[in-house]
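Chains as they are written, first to last, in the working numbering: chain P, 138 to 379; chain V, 123 to 338.
From the three backbone atoms N, C-alpha and C, an ideal C-beta is built for every residue, glycine too.
Because the structure is a prediction, the values reported are computed rather than measured.
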């Protein structure tokens, strides 16, 4: 059984069809990158996976559990599925340490005495051990995004979702974030990413999913998809991002 | 007839005590109620939003004087209960404070980005935890300057309580002015005392604004 099973998912915003019957499986430990033009439904699909958006039709299962906004253990479910956003969304009134430890403490994952050690541990994994006492505003965009990733890691998620996490960064800061994500990939984390970083998609992803008009248009390993696209839509997309 | 003397000044100052009492009572009851209205305004439960919005609209739309009249003169007529002046003014100022603080704090809560709620939700926090630990504290920072600003309005607003005979600073001014026949001087002193009370608050509000502006 796949870790994530998406079956014929439909979603409308008003009268616009955003998802038009998406089906997709993601295996445990797999790195799946979703690419496509803006408006193709990539981010919406990602947000449906942790029930930030409700689906109109179809089903999503994660670890065998059906996902929807009214599921009884939604909060426990979300602790197992980390999501990182384009805009970092750090808590600006809290220092880095507290940003990371707030949720583990409130949800009872850890006790007070373990909090600082946990923050140190996850910060070390994103290369920011020395920023534990900093305020978010004192950090660069790339550092803030790495703290956001560390904040997710502190919940020990089984699955990580990345929603265009480098799109808001200055070009010279993109690399440090991608490096952290590569390291996570090597450690076996299951990851689903929406990204415009084609280099990352090519080098790190196990599978590329090309979305178009709210559907999975074409998918396969990067070696095949980027070299021999089958559909003219993908071919023209690849040409446009080169 | 006697002329305005130091004794009169002291009696005005001691009446200021009741102005302060009114402000404290209004805040003690009005602030929690205001917090209730503010959270009601952003609630996910629609009827709660409507009730809070309506309450704020009505109270803000009625002159403070009307509220005072209603609770002091109206209650005996409509409900047959004679309420002491202190109770009537406390109720009136509580509602007044709740409506305005409720609106100010709603603005603060709405000024915190929706994504902050979402980030909390994605970490498995309940809506209440998101409010208490993430959105509330940030909204408080944003709301602090206008809240202190409202305090100035409240201090000055308590002068209306004199209309129904409650002896605070303004009413004491009327008494002194009647005794001395020096209304201009008396009311100038009264105004100066109000000003001296409000100035520190205004300055505090300004400095909060400067300190919190754009930072964290």
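So who's on the other strand from residue i, going by DSSP bridges?
i	result
residue 194 of chain P	P/147
residue 157 of chain P	P/147
residue 329 of chain P	P/169, P/298
residue 142 of chain P	P/162, P/198
Note down, in chain order, each residue of its chain lying with its Cβ closer than 8 Å to the Cβ of residue i, except the 5 sequence neighbours on either side.
i	result
residue 190 of chain V	210, 211, 214, 282, 283, 285, 286
residue 289 of chain P	219, 220, 221, 297
residue 357 of chain P	344, 345
residue 252 of chain P	234, 238, 241, 242
residue 362 of chain P	345, 347, 355, 356, 371
residue 315 of chain V	134, 135, 138, 291
residue 214 of chain P	187, 188, 199, 202, 204, 208
residue 164 of chain V	171, 228, 231, 232
Under three-state DSSP, which class holds residue i?
i	result
residue 220 of chain P	strand
residue 156 of chain V	helix
residue 205 of chain P	coil
residue 345 of chain P	strand
residue 170 of chain P	strand
residue 356 of chain P	strand
residue 327 of chain V	helix
residue 216 of chain V	helix
residue 290 of chain V	coil
residue 302 of chain P	coil
residue 199 of chain V	helix
residue 258 of chain P	helix
residue 191 of chain V	helix
residue 368 of chain P	coil
residue 292 of chain P	coil
residue 267 of chain P	helix
residue 151 of chain V	helix
residue 187 of chain P	coil
residue 126 of chain V	coil
residue 307 of chain V	helix
residue 141 of chain V	helix
residue 229 of chain V	helix
residue 338 of chain V	The predicted position of residue 338 of chain V is uncertain, since its pLDDT is 46 and thus under 50; a value taken from the coordinates is nonetheless stated next. Looking at residue 338 of chain V - three-state DSSP - the assignment turns out to be coil, as it is neither helix nor strand.
residue 184 of chain V	coil
residue 277 of chain V	helix
residue 278 of chain P	helix
residue 136 of chain V	helix
residue 244 of chain P	coil
residue 236 of chain V	helix
residue 166 of chain V	coil
residue 206 of chain V	coil
Comparing alpha-carbon positions, which option in the options lies nearest residue i?
i	options	result
residue 322 of chain V	V/178, V/295, V/308, V/267	V/267
residue 204 of chain P	P/229, P/142, P/250, P/279	P/142
residue 260 of chain V	V/272, V/270, V/239, V/275	V/239
residue 242 of chain V	P/336, P/379, P/189	P/189
residue 340 of chain P	P/347, P/145, P/322, P/144	P/322
residue 219 of chain V	V/165, V/231, V/246, V/270	V/270
residue 330 of chain P	P/363, P/364, P/198, P/182	P/182
residue 276 of chain P	P/306, P/300, P/301, P/259	P/306
residue 280 of chain V	V/313, V/197, V/130	V/313
residue 139 of chain P	P/162, P/152, P/149, P/175	P/162
residue 359 of chain P	P/170, P/191, P/325, P/255	P/170
Just to confirm my understanding: we take residue i, look at its own chain, exclude 5 residues before and 5 after, and list those with CB closer than 6 Å. What are they?
i	result
residue 194 of chain V	210, 286
residue 351 of chain P	154, 155, 156, 157, 178
residue 225 of chain V	178
residue 313 of chain P	279
residue 194 of chain P	147
residue 335 of chain P	378
I'd like the list of long-range same chain contacts for residue i, defined as Cβ closer than 7 Å, with 5 residues on each side in sequence excluded.
i	result
residue 338 of chain V	Interpretation of residue 338 of chain V is limited by its pLDDT of 46, a score under 50 that renders its predicted location unreliable; the figure taken from the coordinates is listed afterwards. Nothing meets the Cβ criterion.
residue 370 of chain P	349, 354
residue 294 of chain V	133, 134, 137
residue 304 of chain P	223, 333
residue 144 of chain P	160, 195, 196
Can you pull the chain C residues whose beta carbon is under 8 Å from the beta carbon of residue i, in chain order?
i	result
residue 271 of chain P	Among the protein chains of the structure shown, namely P and V, there is no chain C.
Original post:
Should the stretch 270-277 of chain P be regarded as contacting the stretch 239-258 of chain P, the criterion being three or more beta carbon pairs within less than 8 Å?
Top reply: Short answer: they don't touch.
**OP:** Count the C-beta pairs between the stretch 225-234 of chain P and the stretch 252-269 of chain P that are closer than 8 Å, then say yes if the count reaches three, no if not.
**Re:** Taking 8 Å as the limit for Cβ pairs, the verdict is that the stretch 252-269 of chain P does touch the stretch 225-234 of chain P.
Original post:
Per the contact definition of three or more C-beta pairs closer than 8 Å, is the stretch 243-260 of chain V in contact with the stretch 180-188 of chain V?
Top reply: The way I'd put it, the stretch 180-188 of chain V doesn't touch the stretch 243-260 of chain V; fewer than three beta-carbon pairs between them come closer than 8 Å.
Subject >> Segment contact flag, the stretch 307-319 of chain V with the stretch 149-159 of chain V, C-beta cutoff 8 Å, min 3 pairs >> reply: Put simply, the stretch 307-319 of chain V does not touch the stretch 149-159 of chain V. Fewer than three CB pairs are less than 8 Å apart.
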